[in-house]
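Peer 1: Numbering of the sequence shown is given in our numbering, commencing with residue 1 and proceeding in unit increments.
First, the structure itself, so that you have it in front of you.
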Amino acid sequence: MTHYDLAIIGSGSGNSLPDERFDGKKIAILEEGTFGGTCLNVGCIPTKMFVYAAEVARTITTAEKYGVDATLDGVRWSDIVKRVFGRIDPISAGGERYRSEDSPNTTVYRGHATFTGDKTIDTGTGETITADQVVIAAGSRPIIPEEIASSGVKYYTNEDIMRLPELPEHLVIVGSGFIATEFAHVFSALGSRVSIIGRSQRLLRHLDDEISERFTELAEQKWDVHLGSPLTSVRGDGDNIAVELANGTVVSGDVLLVAVGRQPNGDLLGLDKAGVELDDKARSWSTNTNAPPPRASSHSVTSRRRTSSSTSPTMKRALFSTTCFRTLGRTRPGFAAPITASCRQPCSPTRRSPTSE
């Protein structure tokens, strides 16, 4: 059983932790998905590249009001996808290569990590490791409503919608937050019809009421918006997908995007074997999508062995974090930061390496 000074579960924000301060440390990075995490591969960075293409298209279609005669003959969706991921995929590959091949003190394990004991981790590769300190930076995953998950229909999330082989004719989006509305803008600007389904009365309801209300008014002028009625069933309808709402409305389209929120991946790691448990607030978010996600706090993930002191033995032995710990880790090198919950939107980019410039 190999022992490490530091084990990091997750290669997104977790990959930004090891720097020159850790040159003398033996480090393990455990990642089962695409190296680089959410922001680099399926979040902030690629979505903003798609938004820019959408803005270019929108500028052309609205040029007339500025006295400019212009027409949009069409968009080459496959070329947009190649442009975005032709830049991002090499960065992800370069970051993994840098950690795997060019960092002599770092070992990368490509499997699903689970705890089997206190600071003891099954790497998912057939090998179990131990570490003096463990950082949990496992990020989050899309929440899928049971009505959709059990329907058998094909659906997409932010993790694969940007790699569609063709631009949808009619995109149906379940969700009313920033992920849903951002993709609504992208696909509508590029030529798709867009329908949005939300059970709340407004889009972006987490924002100030005035902003949310005005945004909803503008959205209803551009998209087919259905608010205030939750979905009750989803079914295949020939080549389309039909979403039925509680008020009897049926919304059909050829592609379904689910964007109702995300939940932390901590519940997939066997944290009970490490002496850590999610409290009621964190659990309620994972099981009840009506509840807003908890903000990062030292109370959302707690240790069974934690004492009233911030420097308890558990806190000293391990650094547990499922949120971006850039400020925690960099301002207090070697200090075991308080255990925290996942933030609302994981968005820390992977630390750039010499091979990915």
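Each residue gets a CB set at the ideal place from its N, CA and C atoms; glycine is no exception.
This one's a predicted model, so the numbers in the text were calculated from it and none came from an experiment.
Between residue 146 and residue 152, what straight-line distance do the alpha-carbon atoms span, to the nearest angstrom?
Peer 2: The residue you call residue 146 lines up with position 146 of the sequence shown. The residue you call residue 152 lines up with position 152 of the sequence shown. Looking at the two C-alpha atoms, the distance is approximately 11 Å.
Peer 1: Please tell me whether residue 47 and residue 139 are closer than 8 Å, where the distance is taken between their beta carbons.
Peer 2: Position 47 of the sequence shown, counted from the start, is the residue given in the question as residue 47. Position 139 of the sequence shown, counted from the start, is the residue given in the question as residue 139. Result no, Cβ atoms of residue 47 and residue 139 do not sit closer than 8 Å.
Peer 1: Taking the alpha-carbon positions, what's the residue 314 to residue 6 distance?
Peer 2: As a first step, residue 314 is located in the sequence shown; it is residue number 314 there, counting from the start. As a first step, residue 6 is located in the sequence shown; it is residue number 6 there, counting from the start. Note on residue 314: pLDDT 33, under 50, position unreliable in the model; the coordinate value appears next. For residue 314 and residue 6, the distance between alpha carbons rounds to 15 Å.
Peer 1: Would you say residue 227 and residue 243 are within 8 Å of each other, going by their C-beta atoms?
Peer 2: On the sequence shown, position 227 is the one that residue 227 refers to. On the sequence shown, position 243 is the one that residue 243 refers to. Result no, Cβ atoms of residue 227 and residue 243 do not sit closer than 8 Å.
Peer 1: Measure the beta-carbon distance from residue 195 to residue 168 and round it to whole angstroms, keeping in mind my assumption that it falls under 8 Å.
Peer 2: Position 195 of the sequence shown holds residue 195. Position 168 of the sequence shown holds residue 168. The pair is not a contact, with the Cβ atoms about 11 Å apart (cut-off 8 Å).
Peer 1: Within 10 Å of its beta-carbon, does residue 239 have 16 or more other beta-carbons around it, so buried, or fewer, so exposed?
Peer 2: Position 239 of the sequence shown, counted from the start, is the residue given in the question as residue 239. By the 10 Å Cβ count, residue 239 comes out exposed.
Peer 1: Measure the alpha-carbon distance for residue 49 versus residue 1 and round it to whole angstroms.
Peer 2: One-based indexing of the sequence shown puts residue 49 at position 49. One-based indexing of the sequence shown puts residue 1 at position 1. Straight-line Cα distance between these residues: approximately 43 Å.
Peer 1: Should residue 143 go down as buried or exposed, given a rule of 16 or more other Cβ atoms within 10 Å for buried?
Peer 2: Residue 143 sits at position 143 when you count from the first residue of the sequence shown. By the 10 Å Cβ count, residue 143 comes out buried.
Peer 1: Let me check understanding here. Comparing Cα to Cα, which of 26, 42 and 65 lies closest to residue 33?
Peer 2: Position 33 of the sequence shown, counting from 1, holds the residue named residue 33. Of the listed residues, the one whose Cα sits closest to residue 33 is 42.
Peer 1: Does DSSP classify residue 137 as helix, strand or coil?
Peer 2: Here the question's residue 137 lines up with position 137 in the sequence shown. If DSSP states are grouped into helix, strand and coil, residue 137 belongs with coil.
Peer 1: Whether or not the stretch 159–177 and the stretch 247–255 are in contact is what I'm after, with contact meaning three or more pairs of Cβ atoms, one per stretch, closer than 8 Å; do they touch?
Peer 2: yes
Peer 1: Is DSSP giving residue 230 helix, strand or coil here?
Peer 2: The sequence position of residue 230 within the sequence shown is 230, counting from 1. Reduced to three states, the DSSP call for residue 230 is coil.
Peer 1: Determine which residues share a DSSP beta bridge with residue 252 and list them.
Peer 2: Your numbering for residue 252 matches position 252 in the sequence shown. Per DSSP, the beta-bridge partners of residue 252 are 242.
Peer 1: Using the three-state DSSP reduction, which class does residue 195 fall into: helix, strand or coil?
Peer 2: Locating residue 195 in the sequence shown gives position 195, where the first residue counts as 1. Residue 195: strand per DSSP, three-state reduction.
Peer 1: Using C-beta distances below 7 Å, list every residue in its chain close to residue 18, excluding the 5 sequence neighbours before and after it, in chain order.
Peer 2: Within the sequence shown, residue 18 is the residue found at index 18, counting from 1. Same-chain partners within the cutoff: 27 and 106.
Peer 1: Along the chain, where does the beta strand (DSSP E) containing residue 171 start, and where does it finish?
Peer 2: As a working note, residue 171 is residue 171 in the sequence shown. Looking at the DSSP string, the run of the beta strand (DSSP E) that includes residue 171 is 170–174.
Peer 1: Since residue 130 contacts residue 119 with CB under 8 Å, what's their CB separation in whole angstroms?
Peer 2: Position 130 of the sequence shown, counted from the first residue, corresponds to residue 130. Position 119 of the sequence shown, counted from the first residue, corresponds to residue 119. Residue 130 to residue 119, Cβ: 6 Å. Contact.
Peer 1: Look up residue 224 in the DSSP assignment and give the residues it is bridged to.
Peer 2: Translated into the one-based positions of the sequence shown, residue 224 becomes position 224. Residue 224 pairs with 195.
Peer 1: State the DSSP-derived secondary structure class of residue 268, mapped to helix, strand or coil.
Peer 2: Translated into the one-based positions of the sequence shown, residue 268 becomes position 268. Three-state DSSP puts residue 268 in a helix.
Peer 1: Please state if the CB of residue 178 and the CB of residue 204 are separated by a distance shorter than 8 Å.
Peer 2: Taking the first residue of the sequence shown as position 1, residue 204 is located at position 204. Taking the first residue of the sequence shown as position 1, residue 178 is located at position 178. Going by C-beta atoms, residue 204 is nearer than 8 Å to residue 178.
Peer 1: Return the residue from the list 269, 78 and 276 that minimises the CA-CA distance to residue 30.
Peer 2: Numbered from 1 along the sequence shown, position 30 holds the residue referred to as residue 30. With distances taken between Cα atoms, residue 30 lies closest to 269.
Peer 1: Any idea which residues DSSP pairs residue 27 with across the strands?
Peer 2: The residue labelled residue 27 in the question sits at position 27 within the sequence shown. According to DSSP, residue 27 bridges with 6 and 106.
Peer 1: Using only the alpha-carbon positions, how far apart do residue 259 and residue 101 sit?
Peer 2: Numbered from 1 along the sequence shown, position 259 holds the residue referred to as residue 259. Numbered from 1 along the sequence shown, position 101 holds the residue referred to as residue 101. Spanning the two alpha carbons is a distance of roughly 36 Å.
Peer 1: Between which two residues does the alpha helix (DSSP H) holding residue 38 run?
Peer 2: Numbered from its first residue, the sequence shown carries residue 38 at position 38. First-last of the alpha helix (DSSP H) with residue 38: 37–41.
Peer 1: Mind checking who residue 121 pairs with in its DSSP beta bridge?
Peer 2: For the purposes of this step, residue 121 is taken as the residue at position 121 of the sequence shown. DSSP, once it has assigned bridges, lists 115 and 129 as partnering residue 121.
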